[in-house]
Structures are given as structure tokens and as C-alpha cells.
């Protein structure tokens, strides 16, 4: 009886994980086409499984393939101008995650930072993905779905334009290492802290927080990337059962080819775990009770 019970429970657990976590994992290939080194950082959403790494280095021309767990949600970005001091502490001039190491270990990017954002196997089994300049910009990035389906939304999107040289003076982050140069571009929220730019307080809704001249700067250069918090209509895209290529410094003529965005808000997707994660905890609790009854 005990042997049969163990077998039944093992089968149920296997079924639960494969069904409720939404099937297959996804491969994310991260490619550096910049003329300089980039240190990608990864941050997983609450309640999602963790990938095998949260940060690594990519020299010019290098790539790294990472297997993302089923139902994963999170962000991937690029850190630049990184170094290690005499004590061994690792820091970056842009998009630093503050961990003191190459691995970000659960820390997010310090603005300004270009962000790629994903929710795999979300509503209706769709992957949701976007490139966001809400927290500013530091490096060109594109997302390219591979072998997925999704009609007009399953397409390459992002920001292939180098905005650092075009950034308004009041938003520039300047690095002085013998030669003074612009290495990142702040959002208006980061630069000024005003509620109207941050979509906070009385401006905390789509009806009251509207595009500014600063967000329009980002939007005109990168029309299918988020330029401010409620820029959902042209900025979120979907695909099904895809792998993804994330490219730093892609050719500048590849900003996006998407005719329309998905009907889902960034705030909604980033503010909740996928339904599959919640369901699996319920199933696991029921199986635990079954286990106790059988033994």
C-alpha cells in the first residue's frame, strides 16, 4: 500500500507541475553586439522560479543561453562601465544592481536603465513582453521571439537607437574618465521627481498621467517601447510557446516592426504572479493532505 501511495503521489506531482506551470520552459539567448562589454542583470518576479543566474558578463560578440522556468516573469537589463575595486566590490556606472558582485542576487537595476520585461504563460497562455524606458535608458536593446506564434504581436520590438548622444542635457548621466561622455539618459521622473512625470499622487491613473515632452523624446526615437508608466497601447506584445533573443546594440534600423500592441497593462502584468503559480500551491496543499491520509 505504501509503495502504491508513493507512486500515485509522484504521478500527481509530476502532472501538477507540468500542467499548472504551463508546459515547457523557454530559452533566452542574450547577445552582446555592442563595441564594449555588457554585464546583463536578471530579476525574477515575486512567486516565480529563479533561473540559474542573476548576472554575468558578455564581452563584445559573446552570447549566453539561459533556460527560463515555465511561468517565469521578470526583467533583464544591461550594466555598463563596470569594475571591481581593491576590496573586491563590483559596481557599474549604469544600471548597477547594488549587490557588490556580478550576480545581482535579487536586486533590480538602479535607474536609468533600459529594461526588457517578460511574463511567460500569462493570461490565456500567452507570453507578454516589452522593452521599457520608464526608468530611463542606458543601452540599446531588442527582443526577438523565436519559433513562437501570435499573429501580428509576435514580432521584434525594442529600442535600437543610441539615445545617449541625443539625450536632453538635463537628463544626461555623464561619465568623466579622462573623456567626458553621456552614458545614460534619465527619465523625467528620475531627474525631477515631479508627480506628473512619475504618474504618482493625483497623477496616478491613465486619465491623469499623460505623455510629457520628455516621454515623447523617448517615444519618437523608440515608438514600440514604453516611454512612461501608462504607455500601454503601443508597448506590450504577446507570443505563444516562444524562445527569445535579447540583443544589446542591434542594428539601428531594427527598432520595431509591430503593427499593434497587446491589450494588457504593464502595471497589471508586473503587479501579479501568473495564475499557474497560485494554482500549484493549492494543488500542492491538497496533495499534502492526501499524503497524510495515506500514511
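Numbering (mature numbering (1 follows the signal peptide of the UniProt record, and there is no 0)), first residue to last: -26 to -1, 1 to 269. Note that the Cβ used here is the ideal one computed from N, Cα and C, for glycine as well. Since we're looking at a predicted model, the values are computed, not measured.
Distance CB(residue 128)-CB(residue 213) smaller than 7 Å:
yes
Is residue 150 helix, strand or coil when you go by DSSP?
strand
Supposed close pair residue 221, residue 89 - CB separation, criterion 8 Å:
Actually they do not touch by this definition, with Cβ atoms about 14 Å apart.
Can you tell me whether residue 231 is buried or exposed, with buried defined as 16 or more other CB within 10 angstroms of its CB?
Residue confidence is low: residue 231 scores 44 on pLDDT, short of 50, so the model does not pin down where it sits. No coordinate-derived value is stated.
Mark residue 44 as exposed unless 16 or more other C-beta atoms lie within 10 angstroms of its C-beta, in which case mark it buried.
buried
In terms of DSSP beta bridges, what is residue 105 paired with?
90
What separation, rounded to the nearest whole angstrom, lies between the Cα atoms of residue 73 and residue 192?
29 Å
Tell me residue 192's beta-bridge partners as DSSP assigns them.
None; residue 192 has no bridge partner.
Let me check understanding here. Comparing Cα to Cα, which of 86, 41, 60 lies closest to residue 148?
86
For residue 169 and residue 203, the rounded distance between their alpha carbons
12 Å
Cα separation between residue 138 and residue 146?
7 Å
Reduced DSSP secondary structure (H/G/I, E/B, other) of residue 55:
strand
DSSP state of residue 134, grouped into three classes?
coil
Indicate whether residue 223 and residue 142 have their beta-carbon atoms separated by less than 7 Å.
no
Can you have a look at residue -3 and say buried or exposed, based on whether 16 or more other CB atoms are within 10 angstroms of its CB?
exposed
Quick check on the burial criterion: 16 or more other C-beta atoms within 10 angstroms. Buried or exposed for residue 225?
exposed
I'd like to confirm the pairing. Which residues does DSSP put opposite residue 274 in its beta bridges?
Past the boundaries of the shown model lies residue 274; the chain is included only from -26 to 269, so the question cannot be answered.
What does a CB cutoff of less than 6 Å around residue 140 pick up in its chain, not counting 5 residues either side in sequence?
none
Among residues of its own chain, excluding the 5 on either side of residue 52, which ones have a beta-carbon nearer than 6 Å to its beta-carbon?
12, 14, 113, 222
Where the alpha helix (DSSP H) containing residue 170 begins and where it ends
169 to 172
Answer yes or no: do residue 200 and residue 121 have a C-beta to C-beta separation smaller than 7 Å?
no
Would you mind working out which of 38, 10, 32 sits nearest residue 219, comparing C-alpha positions?
38
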